[in-house]
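In what follows, a single structure is set out as structure tokens and then discussed.
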């Protein structure tokens, strides 16, 4: 029993230790992840630099970005010169400075990651300068990066090894040292092997073939940096370098491409001429094709317009022919009535009552013919465009009451109910319009309603809307088919209506009403159902 209890106790203690260890590990990882890692960035392309978009870039930046994604690190990049960042790392103002070569003196100041890249120093000179071996550096002016391993090597080792003398000039960045080389302020510059793959090493700057000091490049950490961060970097660098598909090798492939052209100058000129000629030819072809297509479109449009115009002209001629035939009938009918009743009046001994009846028939026939002539005169003025407006302020209610009294006898004669609807509180509704044309519009619409209504109601009135007055004439007549609700406003259309719908008249009333409404700045339309009646609307601006 005692042994069993001891085993249980040991097992429990083990579980507790494991539990606390896991918690401590998780807390430790969270602490690292929550910390912002300050990383120095200086100008040493393609290893590390600020690109044209103002963003850190290069091989070491690609590796840091890969590690930060994998470990969920927060990174802040600090830009500066190599010497300034070196001092900041020494003073614990930044945590990491990439691209640092190892040395015994630096080992006492910083902690280093495992090697990231292998490198060496190389001498570069201006094109045309005869520097091919180390002894050619004797008495030359050599530019190096300030506070770099190149400066230390040239000051301490190279002179002693090869017994040569030279003058060292230090620069804050490779950009400045390259400018000095091109301007003749220095004879050569010493840089790492990666300089050859940067944009700074252009056609004017050439490698001499002189190789110096092999070295390994690391991430350098300030002495107070948490060792777990350095271990994290080492772990990820090892994983990246052992995976040929990793971000590490993708970065090397990207940055180790030398984009220099080997096309001869004369061939460049020839290619440029050919491209220019081809561009001009294609442009000329495009413009010519565009003009041909444009003219073709214009001709097609003109042909379509001509076809439409011809069809309209043929339709207009057809309708006018029908109209003239109808006019001949419409004029002869009242004229025959006048002539016939006039002959009857010549007979002797006609009763007084019959004479009055004949005279009334003559009067009605004359009025009918006068209406036809008035319509023909109106449509002629509309066709010729010689219409004139006499705009004056009119009282709407007075005009509608006049029209009500005017048409009451005619509606009573057909046993129709005539109704006038005036909105409440509209006793002083006034509009500025042509009084004569306003009355003609209403008369044509009401006459049209009486003509096509055999029983029921005819109602007219108005409603005041925003900026205009909307008038209407409503009937309970035969109605209008949907397909003809636009056509009825065209000139001469009454003459073309099927016989079963045709009524006495020249077919000009609605066309005249439409023309007058549009001249007065309004619109006219109809809502109708066959067998249920129609409502004609028109608007006049206030």
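Residue numbers (our numbering): 51 to 592.
Every residue, glycine too, gets a C-beta built ideally from N, C-alpha and C.
Note that this is a predicted model, so its numbers are computed, not measured.
Query: Cβ shell of residue 491 (< 7 Å), same chain only, five flanking positions each side left out; Result: 563, 566, 567 and 588
Query: Identity of the residue in 393, 305, 488 and 151 nearest residue 442 by Cα; Result: 488
Query: Stretch pair the stretch 145-164 + the stretch 80-100: three plus CB contacts closer than 8 Å; Result: yes
Query: Three CB pairs or more closer than 8 Å across the stretch 409-421 and the stretch 454-473; Result: no
Query: Per-residue burial, residue 521 [other beta carbons within 10 Å of its own, 16 or more giving buried]; Result: buried
Query: Beta-carbon separation (whole angstroms), residue 117 vs residue 292, contact threshold 8 Å; Result: That belief does not hold up - the Cβ atoms of residue 117 and residue 292 are roughly 15 Å apart, past 8 Å.
Query: Contact check, residue 437 vs residue 569, beta carbons under 8 Å; Result: yes
Query: Alpha-carbon spacing of residue 137 relative to residue 230, whole angstroms; Result: 25 Å
Query: Counterpart residues of residue 522 in DSSP-defined beta bridges; Result: 511 and 587
Query: Euclidean distance between Cα positions of residue 483 and residue 519; Result: 12 Å
Query: Backbone secondary structure at residue 579 - three-state DSSP; Result: strand
Query: Inter-stretch contact (C-beta, 8 Å, three-pair minimum) for the stretch 357-371 and the stretch 389-406; Result: no
Query: Residue of 280, 220 and 386 minimising C-alpha distance to residue 269; Result: 280
Query: One or two residues paired with residue 150 in a DSSP bridge; Result: 268
Query: Euclidean distance between Cα positions of residue 560 and residue 480; Result: 25 Å
Query: Integer-rounded CB distance, given that residue 151 should sit under 8 Å from residue 265; Result: 4 Å
Query: Sub-8 Å separation of residue 212 and residue 236 beta-carbons; Result: no
Query: Nearest to residue 172 (by Cα), restricted to the options 407, 282 and 204; Result: 204
Query: Length of the line joining the Cα atoms of residue 499 and residue 525; Result: 6 Å
Query: Where residue 174 falls, given that 16 or more other Cβ within 10 Å makes a residue buried; Result: buried
Query: Continuous alpha helix (DSSP H) stretch holding residue 458: start and end; Result: 446-463
Query: Reduced DSSP category for residue 505 - H, G, I as helix; E, B as strand; rest coil; Result: coil
Query: C-alpha gap between residue 101 and residue 107, whole angstroms; Result: 6 Å
Query: Distance, residue 192 Cα to residue 218 Cα; Result: 5 Å
Query: Inter-residue Cα distance where the pair is residue 163 and residue 124; Result: 19 Å
Query: Simplified DSSP assignment, three categories, for residue 567; Result: helix
Query: DSSP state of residue 75 mapped onto helix, strand, coil; Result: Note on residue 75: pLDDT 46, under 50, position unreliable in the model; the coordinate value appears next. Note: residue 75 maps to helix in three-state DSSP.
Query: Cβ pair residue 529, residue 580 closer than 8 Å; Result: yes
Query: DSSP three-state assignment for residue 85, whether helix, strand or coil; Result: coil
Query: Exposure of residue 234, with buried meaning 16 or more beta-carbon neighbours within 10 Å; Result: exposed
Query: Test item: CB-CB of residue 470 and residue 510 under 8 Å; Result: yes
Query: Span separating the alpha-carbon of residue 552 from that of residue 339; Result: A caution first: residue 552 carries a pLDDT of 46, below 50, which makes its placement in the model too unreliable to give a value.
Query: Residue 176 beta carbon less than 8 Å from that of residue 254; Result: yes
Query: The beta strand (DSSP E) enclosing residue 191, as first and last residue numbers; Result: 191-195
Query: Where residue 527 falls: helix, strand or coil (DSSP); Result: coil
Query: Delimiting residues of the beta strand (DSSP E) encompassing residue 218; Result: 217-221
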